[in-house]
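Residue numbers (this note's numbering), protein chains in the order written: chain A, 1 to 336; chain B, 1001 to 1335. We put the CB at the ideal spot given by N, CA and C, even for glycine. In this text, all values refer to a predicted model and were calculated from it rather than measured experimentally.
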């Protein structure tokens, strides 16, 4: 297999908790705690999890929009975490982001021409005429028209704004796009349009995506592989099919079971999770999920489970699978 | 099930709520008729701008005025037309008979007072002459009812000390203190994580069952409707386009919009290569004056759709659809 496009090893981001008038550090929020994964050229990696699980912080740390505390990020073999400011600026041409709220991420005082040109100006690409052509071309690619370039963000609907957000990310011909909840602010009927657009663009432009979202249905439709995060840790990472058909981690199982299914005849088999997500500033010891886990064993509160590959392409961080998949202790195994 | 035998508790007749803005009068809700039956959970589903929230605020008499105003129609509850009541009379109904919970529980709770104080306030307001002690006892009882742990300690906590799910439970407790006959829940789980959403929906089903409170659940999520409601009203562009039992609507949707909406949900259980998507976007309220509001996005639209307003057709015993296709189909059958 070829070299992965992006390789992340042991990524950590701890935010300090400060208190008192002198801002003394009294603790840490482990927003991302030892996360490792790889992405191959042309694939989509979905990252799912509930609020506070660290999925957005992970996405932002990769580009060093948030400076990671520890760990390394290799993009095309180059260590992003060691880059100088100038090198990083150049690398960011190849890695672009699409954000959740198309209302907040477009400057309301700039017209679309100016918004879309900005990445080109920042990176010193092309002259005025070329930039204008590129804007027109990309507006067409994302399903808008070149005359839209003279309009302002408030003149567009939510779905159109997200198309503009995508066009902006594409201006520098990036290789990797990190999309952080790109469709969660959109209505269902519009959401499907944007997802289809992203899929088409991926095929046409050979893009690689990191798709961060909380909606498991959306993630399944766009992702080749999916990573599930809980309290700063990656608890399961697998091919999309494997993850949805045979989730191994008890948290993944509970998460999948909690999604409302648009079918009135559907009967739920797995029990609902009890309790709330613990605070990331004071996570439980050992496996962070043990406080809510229906299969909790004695040592779960003491030992931190490692993310281990238990079958080809399927990794899970859970003590139930310490001795591999075919063990009698695998209570959590799903039937059928 | 004998849904037809259930009494109608709340009837909305030809309701029109208009917002008078600088751009002219905009009918956010444009002539809707439906009713909520005793003990049922009715879903009102629609996308942004469909008028679903304005409908619920109209019922509660909470439309901000100006610019909004109920311009037509009536809302009947126990023989009274709510649109004609004075603010003082309406206040009696709110809380006592009809209660409401909102999407973001943090904005509905006062951050400066403890949970206990806020619950007590609601209880004392509606039970004149109760002592503080009685009220606190009732508050603790309600908190236990909605599944809040350590209720005795929790009443001393402030809203920010609670998680989103717990806050929404507090809001539900507060809404239910006076044993209302109707609970209107406007996107009660949209701001919550899925595992917490599942807990809150389960709680609402349980309470509906135990207390016989009729629930009007407003949501954009058809998955939530399928799991929680018995009947559903689908809104688009300020109108009701389809209404019927949930089981029928999902299996046999009559209106092309409902069909499209169901098809465009990314269902987690199956992987589709491409999602079905409805072309175009939701029209601005008031922008379409004549014809079907959905016509420009509809793949089945024909001449008549843009020239005439489609009436509501009965397509089953309890199933209606606002679409000319119903008539076309019948004509084909008769030929």
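{"Item": "Contact list for residue 1275 of chain B against chain A, beta-carbon separation under 7 Å", "Value": "192, 195, 196 and 221"}
{"Item": "Any C-beta of chain B under 8 Å from that of residue 269 of chain A", "Value": "no"}
{"Item": "Where residue 159 of chain A meets chain B, residues with beta-carbon distance less than 8 Å", "Value": "1281"}
{"Item": "Proximity of residue 1322 of chain B and residue 1241 of chain B at Cβ, strictly below 8 Å", "Value": "yes"}
{"Item": "Neighbour list for residue 1165 of chain B in chain A, Cβ cutoff strictly below 7 Å", "Value": "276"}
{"Item": "Secondary structure of residue 1003 of chain B, DSSP reduced to three states", "Value": "With a pLDDT of 48 at residue 1003 of chain B, under the threshold of 50, the modelled position of that residue is not reliable, and the figure given next carries that caveat. Reduced to three states, the DSSP call for residue 1003 of chain B is helix."}
{"Item": "Within 8 Å, strictly: CB atoms of residue 1243 of chain B and residue 1040 of chain B", "Value": "no"}
{"Item": "Short Cβ contact (8 Å threshold) for residue 88 of chain A with residue 38 of chain A", "Value": "no"}
{"Item": "Of the listed residues B/1028, B/1012 and B/1100, nearest to residue 1283 of chain B (C-alpha basis)", "Value": "B/1028"}
{"Item": "Between the CA atoms of residue 282 of chain A and residue 296 of chain A - distance to the nearest angstrom", "Value": "19 Å"}
{"Item": "Residue 171 of chain A, DSSP secondary structure in three states", "Value": "coil"}
{"Item": "Among B/1255, B/1265 and B/1286, the one whose alpha carbon lies nearest that of residue 1301 of chain B", "Value": "B/1255"}
{"Item": "Proximity test, Cβ basis, 8 Å: residue 1293 of chain B and chain A", "Value": "no"}
{"Item": "Residues of the stretch 299-311 of chain A whose Cβ lies closer than 7 Å to any Cβ of chain B, in chain order", "Value": "none"}
{"Item": "Start-to-end residues for the alpha helix (DSSP H) that takes in residue 1391 of chain B", "Value": "With chain B covering 1001 to 1335 only, the question about residue 1391 of chain B has no answer from this structure."}
{"Item": "Where residue 247 of chain A falls, given that 16 or more other Cβ within 10 Å makes a residue buried", "Value": "buried"}
{"Item": "Terminal residues of the alpha helix (DSSP H) in which residue 1176 of chain B lies", "Value": "1164-1176"}
{"Item": "Short CB-CB distance (under 8 Å) between residue 1138 of chain B and chain A", "Value": "no"}
{"Item": "Assumed close pair residue 1105 of chain B, residue 1168 of chain B - CB separation to whole angstroms, cut-off 8 Å", "Value": "5 Å"}
{"Item": "Same chain, Cβ closer than 6 Å to residue 1276 of chain B, five either side skipped, listed in chain order", "Value": "1263 and 1264"}
{"Item": "Chain B contact for residue 50 of chain A (CB, 8 Å cutoff)", "Value": "yes"}
{"Item": "CA-to-CA distance, residue 1195 of chain B to residue 254 of chain A, given in whole angstroms", "Value": "7 Å"}
{"Item": "Continuous alpha helix (DSSP H) stretch holding residue 194 of chain A: start and end", "Value": "188-205"}
{"Item": "Cβ pair count under 8 Å reaching 3, the stretch 15-33 of chain A against the stretch 236-246 of chain A", "Value": "no"}
{"Item": "Element boundaries [alpha helix (DSSP H), containing residue 1195 of chain B]", "Value": "1194-1211"}
{"Item": "Given 8 Å, three or more beta-carbon pairs between the stretch 163-177 of chain A and the stretch 107-122 of chain A", "Value": "yes"}
{"Item": "Inter-stretch contact at 8 Å, needing at least 3 Cβ pairs: the stretch 1053-1070 of chain B / the stretch 1141-1156 of chain B", "Value": "no"}
{"Item": "Limits of the beta strand (DSSP E) - the one that residue 259 of chain A falls within", "Value": "That residue, residue 259 of chain A, is in no beta strand (DSSP E); it is neither H nor E in DSSP."}
{"Item": "Inter-residue CB distance, residue 1060 of chain B and residue 1098 of chain B (contact presumed, cutoff 8 Å)", "Value": "7 Å"}
{"Item": "Span separating the alpha-carbon of residue 1142 of chain B from that of residue 1204 of chain B", "Value": "14 Å"}
{"Item": "Start and end residues, alpha helix (DSSP H) containing residue 1154 of chain B", "Value": "1151-1154"}
{"Item": "Contact check, residue 212 of chain A vs residue 59 of chain A, beta carbons under 8 Å", "Value": "yes"}
{"Item": "Coil, strand or helix - residue 118 of chain A by DSSP", "Value": "helix"}
{"Item": "Closer than 8 Å to chain B by CB, residue 244 of chain A", "Value": "yes"}
{"Item": "Cutoff 8 Å: residue 237 of chain A Cβ touching any chain B Cβ", "Value": "no"}
{"Item": "Residue 1278 of chain B: contacting residues in chain A (beta-carbon distance under 7 Å)", "Value": "189"}
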